[in-house]
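Chains as they are written, first to last, in the working numbering: chain A, 541 to 672; chain B, -18 to 70; chain C, 334 to 448.
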């Protein structure tokens, strides 16, 4: 592709990742949560595929590592949600007052785990379809 | 010719049903049936501790629905991988 | 009244594209438009006149519980959007496989179930 697009992509890509992690981490204070944050980060990776050729990006993340990552994130999500009913899990992060960042009981961990599931699923779908 | 007439008939029938349904509905913003919404608005922040009520519904009150949805996403990604496959050689 | 009419118009356009058009990819696009019309209808049911978003910002609780809109349909539509994404992805991958076997994406020519 053009060298202008490659240079701008190299500058903008870390800020896209930072935006996604920020939206997922503040999920219990402002609208957002896990799902829009995962879509933003997966779109950042799609920008990498479009600007560079597909063969260069494939060597960075192979497909087997992505499937293992997705399985581990799925098992952690199942364990977290099934252990939600226990009453002592609710007071895990209630140290500060109500509207701070480190409040919210159990939901920030669930937001981050859900974000990993969404990222890996959308990247697998995109890479498989483009490689055809 | 007969197939085109059948398609036009189905679409006009659907248009008549949808417009009549829009007329019968209660007005926009009247907010009847508010028992469940009142419980979530009053007790959502105290039970969970998160200020975002939609987040507390998705991950705390209806957490099993989100678990099922993640399972569907997982199986869809595996399905795409199996159908298309990889290049041979 | 207007959001109901717009959502029903979206449903009608989506079903028209699903039935009448012959190309397979145009049918998948019609399915996506149809789902978005239904999502708009579900969210616009739980609206309250002069309502604010269901997110607690300051600690003034009496005024908040009289003005907040319904948060339950928004959570259901979040789940529905992700499931619709999965269905569209699998449908597109099946279209790719059908294009490999038959060489065309015309739904009138993919009729014979050969081996």
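Beta carbons: idealized from backbone N, C-alpha and C, even for Gly.
Nothing here was measured: the structure is a model prediction, and the numbers come from that model.
* Under 8 Å between the Cβ atoms of residue 12 of chain B and residue 381 of chain C? -> As a position in the second chain, residue 12 of chain B is number 31, starting the count at 1. As a position in the third chain, residue 381 of chain C is number 48, starting the count at 1. Yes, they are a contact pair.
* **CB contact below 8 Å: residue 59 of chain B versus chain C** => Along the second chain, one-based indexing puts residue 59 of chain B at 78. Residue 59 of chain B does not count as touching chain C.
* **Partner residues on chain B for residue 657 of chain A, Cβ-Cβ distance less than 8 Å** => In the first chain, counting from the first residue as 1, residue 657 of chain A sits at position 117. Here the neighbours are 51, 54, 55.
* Asked: Per DSSP, which one or two residues make a beta bridge with residue 356 of chain C?
  -> On the third chain, position 23 is the one that residue 356 of chain C refers to. Under DSSP, residue 356 of chain C forms a beta bridge with C:439.
* Asked: residue 352 of chain C versus chain B: which residues are under 9 Å apart at the beta carbon?
  -> The sequence position of residue 352 of chain C within the third chain is 19, counting from 1. Within chain B, -12, -9, -8 have C-beta atoms less than 9 Å from the C-beta of residue 352 of chain C, given in sequence order.
* To do: Examine the Cβ distances between the segment 24 to 40 of chain B and the segment 388 to 403 of chain C and report whether three or more of them are shorter than 8 Å.
  => By the Cβ criterion, the segment 24 to 40 of chain B is in contact with the segment 388 to 403 of chain C, since at least three pairs of Cβ atoms, one from each stretch, lie closer than 8 Å.
* Asked: Residues of chain C with CB under 7 Å from residue 575 of chain A, in chain order?
  -> Locating residue 575 of chain A in the first chain gives position 35, where the first residue counts as 1. Those are 411, 415, listed as they occur along chain C.
* To do: Kindly provide the ranges of any alpha helix (DSSP H) runs that are 4 or more residues long and lie completely inside the segment 366 to 437 of chain C, ordered along the chain.
  => List check, alpha helix (DSSP H) in window: 394 to 400, 405 to 435.
* So is residue 426 of chain C buried or exposed if we call it buried at 16+ other beta carbons inside 10 Å? -> One-based indexing of the third chain puts residue 426 of chain C at position 93. By the 10 Å Cβ count, residue 426 of chain C comes out buried.
* Asked: From residue 610 of chain A to residue 64 of chain B, what does the alpha carbon distance come to, in whole angstroms?
  -> In the first chain, residue 610 of chain A corresponds to position 70, counting from 1. In the second chain, residue 64 of chain B corresponds to position 83, counting from 1. Using only the alpha carbons, I get a separation of about 19 Å.
* To do: State the Cα-Cα distance for the pair residue 580 of chain A and residue 554 of chain A, rounded to the nearest angstrom.
  => To locate residue 580 of chain A, count along the first chain from 1; it is residue 40. To locate residue 554 of chain A, count along the first chain from 1; it is residue 14. Straight-line Cα distance between these residues: approximately 12 Å.
* Starting from the C-beta of residue 374 of chain C, find all residues in its chain whose C-beta is less than 6 Å away, skip the five residues before and the five after it, and write them out in chain order. => Working through the third chain from its first residue, we reach residue 374 of chain C at position 41. Cβ neighbours of residue 374 of chain C beyond the five flanking positions: 340.
* Asked: Relative to the C-alpha of residue 617 of chain A, which residue among B:55, B:5, B:6 is closest?
  -> Position 77 of the first chain, counted from the first residue, corresponds to residue 617 of chain A. Residue B:55 holds the alpha-carbon nearest to the alpha-carbon of residue 617 of chain A among B:55, B:5, B:6.
* To do: Drop a sphere of 10 angstroms on the beta-carbon of residue 619 of chain A, count the other beta-carbons inside from all chains shown, and report buried for 16 or more, exposed for fewer.
  => For the purposes of this step, residue 619 of chain A is identified with residue 79 of the first chain, where counting begins at 1. Exposed, since its Cβ has fewer than 16 Cβ neighbours within 10 Å.
* residue -15 of chain B, DSSP secondary structure in three states -> As a working mapping, residue -15 of chain B is identified with position 4 in the second chain. Helix at residue -15 of chain B.
* In chain A, which residues lie less than 8 Å from residue 375 of chain C when you measure between Cβ atoms? -> Residue numbering aside, residue 375 of chain C sits at position 42 when the third chain is read from its first letter. Those do not exist, as residue 375 of chain C stays about 17 Å from chain A at its closest Cβ, beyond 8 Å.
* If you measure from the beta carbon of residue 22 of chain B to each beta carbon in chain C, is any gap under 8 Å? -> Within the second chain, residue 22 of chain B is the residue found at index 41, counting from 1. Look at residue 22 of chain B: its C-beta is under 8 Å from a C-beta on chain C.
* Should the segment 6 to 21 of chain B be called in touch with the segment 549 to 565 of chain A, which here means at least 3 C-beta pairs below 8 Å? -> Segments in contact, no.
* **Residue environment, residue 407 of chain C, which counts as buried when at least 16 other CB atoms sit within 10 Å** => Counted from its first residue, the third chain places residue 407 of chain C at position 74. Buried: at least 16 other Cβ atoms inside 10 Å.
* To do: Identify whether residue 14 of chain B lies in helix, strand or coil by the three-state DSSP scheme.
  => Counting from one through the second chain, the residue named residue 14 of chain B turns up at place 33. Coil, per DSSP.
* How many Å lie between residue 589 of chain A and residue 356 of chain C at the Cα? -> By 1-based counting over the first chain, the position of residue 589 of chain A is 49. By 1-based counting over the third chain, the position of residue 356 of chain C is 23. In this structure, the CA atom of residue 589 of chain A is about 28 Å from the CA atom of residue 356 of chain C.
* To do: Under 8 Å Cβ to Cβ from residue 377 of chain C, same chain only, skipping five residues before and after it: list those, please.
  => Here the question's residue 377 of chain C lines up with position 44 in the third chain. Result list for residue 377 of chain C: 336, 337, 340, in chain order.
* residue 70 of chain B - DSSP class collapsed to helix/strand/coil -> Working through the second chain from its first residue, we reach residue 70 of chain B at position 89. Bear in mind that the predicted position of residue 70 of chain B carries a pLDDT of just 40, short of 50, making it too unreliable to give a figure here.
* **contact_flag[the segment 38 to 47 of chain B, the segment 420 to 435 of chain C] where n(CB pairs < 8 Å) is 3 or more** => The segment 38 to 47 of chain B makes no contact with the segment 420 to 435 of chain C, as fewer than three CB pairs between them are under 8 Å.
* Taking residue 10 of chain B as the reference, give the member of C:397, C:364, C:379, C:393 with the closest Cα. => The sequence position of residue 10 of chain B within the second chain is 29, counting from 1. When only C-alpha atoms are compared, the closest one is C:379.
* How big is the Cα-Cα spacing for residue 432 of chain C and residue 368 of chain C? -> Locating residue 432 of chain C in the third chain gives position 99, where the first residue counts as 1. Locating residue 368 of chain C in the third chain gives position 35, where the first residue counts as 1. Spanning the two alpha carbons is a distance of roughly 25 Å.
* Using 10 angstroms around the beta-carbon of residue 0 of chain B, count the other beta-carbons present and answer buried if the total reaches 16, otherwise exposed. => Numbered from its first residue, the second chain carries residue 0 of chain B at position 19. Result: exposed.
* Based on Cα-Cα distance, which residue from A:578, A:663, A:564, A:575 lies nearest to residue 59 of chain B? -> Stepping through the second chain from its first residue, residue 59 of chain B is reached at position 78. Closest option to residue 59 of chain B, Cα to Cα, is A:663.
* **chain C contact residues for residue 643 of chain A, given Cβ-Cβ distances below 9 Å** => Sequence index remark: in the first chain, residue 643 of chain A carries index 103 (1-based). Within 9 Å Cβ-Cβ: nothing; residue 643 of chain A doesn't reach chain C, min ~12 Å.
* Minimum C-alpha distance to residue -12 of chain B - residue among C:417, C:401, C:349, C:435 -> Taking the second chain and counting its residues from 1, the one referred to as residue -12 of chain B is at position 7. Of all alpha-carbon atoms in C:417, C:401, C:349, C:435, the one lying nearest the alpha-carbon of residue -12 of chain B is that of C:349.
* **Separation of residue 661 of chain A from residue 653 of chain A, as counted between CA atoms** => As a working mapping, residue 653 of chain A is identified with position 113 in the first chain. As a working mapping, residue 661 of chain A is identified with position 121 in the first chain. Going from the Cα of residue 653 of chain A to the Cα of residue 661 of chain A covers about 13 Å.
* Asked: Cα separation between residue 558 of chain A and residue 612 of chain A?
  -> Locating residue 558 of chain A in the first chain gives position 18, where the first residue counts as 1. Locating residue 612 of chain A in the first chain gives position 72, where the first residue counts as 1. Rounded to whole angstroms, residue 558 of chain A to residue 612 of chain A spans 23 Å at the Cα level.
* Status (buried if at least 16 other CB within 10 Å, exposed otherwise) for residue 394 of chain C -> Here residue 394 of chain C is taken as the residue at index 61 of the third chain, counted from 1. It counts as exposed.
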